[in-house]
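Heads up, the thing below is written out as structure tokens.
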Amino acid sequence: EDADPAPLLMRSFDVGNLVKFVNLDEELWDACPMPKLSPSLGSAYNIAQIQDEWFQDRSSHWGPLRAVELSHETGTEPPVDWTPAGYDETWVSAEEAEKSKCPICFMVARNALAHECGELFCEDCWVKCQGEDERCPVCRQEGHEVAPAYANRRAIQRLQIVCPNKCGQVLCLSDKEDHLRSKCGHRPIRCPDCDSEVAAGQLAEHQVLCRENWPICELCGQRVKNLAVHMAAQTGDHMLRMVEGLASLREEVKDLRTQNKALQTRLCKDGEPQDFF
4 EDADPAPLLM RSFDVGNLVK FVNLDEELWD ACPMPKLSPS LGSAYNIAQI
54 QDEWFQDRSS HWGPLRAVEL SHETGTEPPV DWTPAGYDET WVSAEEAEKS
104 KCPICFMVAR NALAHECGEL FCEDCWVKCQ GEDERCPVCR QEGHEVAPAY
154 ANRRAIQRLQ IVCPNKCGQV LCLSDKEDHL RSKCGHRPIR CPDCDSEVAA
204 GQLAEHQVLC RENWPICELC GQRVKNLAVH MAAQTGDHML RMVEGLASLR
254 EEVKDLRTQN KALQTRLCKD GEPQDFF
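Each residue of the sequence shown is one higher than the one before, starting from 4 at the first, in my numbering.
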């Protein structure tokens, strides 16, 4: 029997489903948001967004959910591992960033490619998209070339972002890697004293508290991380301190002997004990 051309019942779909068109009835497209898809029977699309009875594909075009069905058994994952390739940053100027967004991943284009229709794409997004459909996902034309958009790439690298570590710094996208590696006050580093992880900008304060728990060297009075290592490393200084301390003790003993002799002399003269202190 011929297939029933009546509108299909709308099934349950999720973002990420790969669906294919099984009904091209024009009535299904009434009230469809713009821009609309231009599918052929059996053509497949990944769902990027769902709104009521409509779905949007990765090129930001819309189609009716009543006209499609899942294109493979599970229907939960697209056939290509589609990880967003663009720059996902907190932009100082959202308007400037919007000018360079990839229409596939909806992020600022990374390694931007320019199509003849004027759209910019992430290089990875374009390659993956072409693996599913060789037409441009925006203008839907075949056979047009893309080329590295060098001017756009330079402009994108000059866009200003807010540090993702929330240190408050505003910097160019091109400086992000260096900032996070060596300049960000909120970057995590290891305390050289206790090996715990702290924010770089809080290291000095942390070390003050950390070192209060160190043992005190009885010879030099310093707080040290490892007393055995300290004693081995400071042998010469400690020997000098010990010699100086011994000389001081000898002077004290000499003074005590002098005082003792004076006391004994007084006792002998008076013939009876005296309170001397």
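Every residue, glycine too, gets a C-beta built ideally from N, C-alpha and C. Treat the numbers as computed from the prediction; the structure is a model and nothing was measured.
Q. Is it true that the CB of LEU44 sits closer than 9 Å to the CB of LEU3?
A. Nothing can be reported for residue 3: it is not among the residues displayed for the chain, which extend from 4 to 280.
Q | Straight-line Cα distance separating GLY224 from CYS213 | A | 17 Å
Q) What whole-angstrom Cβ distance do CYS128 and HIS147 have, given they're in contact under 8 Å? A) Incorrect: roughly 16 Å between the Cβ atoms, too far for contact.
(Q) Quick test of your reading: GLU72 and LYS23, contact by CB under 8 Å. State the CB separation rounded to the nearest angstrom. (A) 7 Å
Q) So ALA231 is in the alpha helix (DSSP H); what residue range does that whole segment cover? A) 230-236
Q: Pick helix, strand or coil for GLU72, following the three-state DSSP scheme.
A: strand
Q: Counting only runs of 3+ residues fully inside the stretch 27-63, write out the beta strand (DSSP E) ranges in chain order.
A: 47-49, 52-54, 57-59, all fully within the stretch 27-63.
Q: Just tell me which of VAL256, CYS132, VAL165 has its CA closest to the CA of ILE50.
A: CYS132
Q: Note the first and the last residue of the continuous alpha helix (DSSP H) segment covering LEU212.
A: 206-214
Q: With a 10 Å radius around its C-beta and 16 neighbouring C-beta atoms as the bar for buried, classify GLN160 as buried or exposed.
A: So GLN160 counts as exposed.
Q | LYS23 - containing beta strand (DSSP E), residue span | A | That run of the beta strand (DSSP E) goes 21-24.
Q.
Measuring straight from C-alpha to C-alpha, what distance separates GLU80 and ILE107?
A. Because GLU80 sits at a pLDDT of 38, beneath the cut-off of 50, its placement in the model cannot be relied upon, and the point is left open.
Q) Secondary structure at ALA154, three-state DSSP: helix, strand or coil? A) helix
Q: Go ahead and pull the three-state DSSP assignment for LEU222.
A: Three-state DSSP puts LEU222 in coil, outside helix and strand.
Q: To the nearest angstrom, report how far apart ASN168 and GLU180 are at their CA atoms.
A: 12 Å
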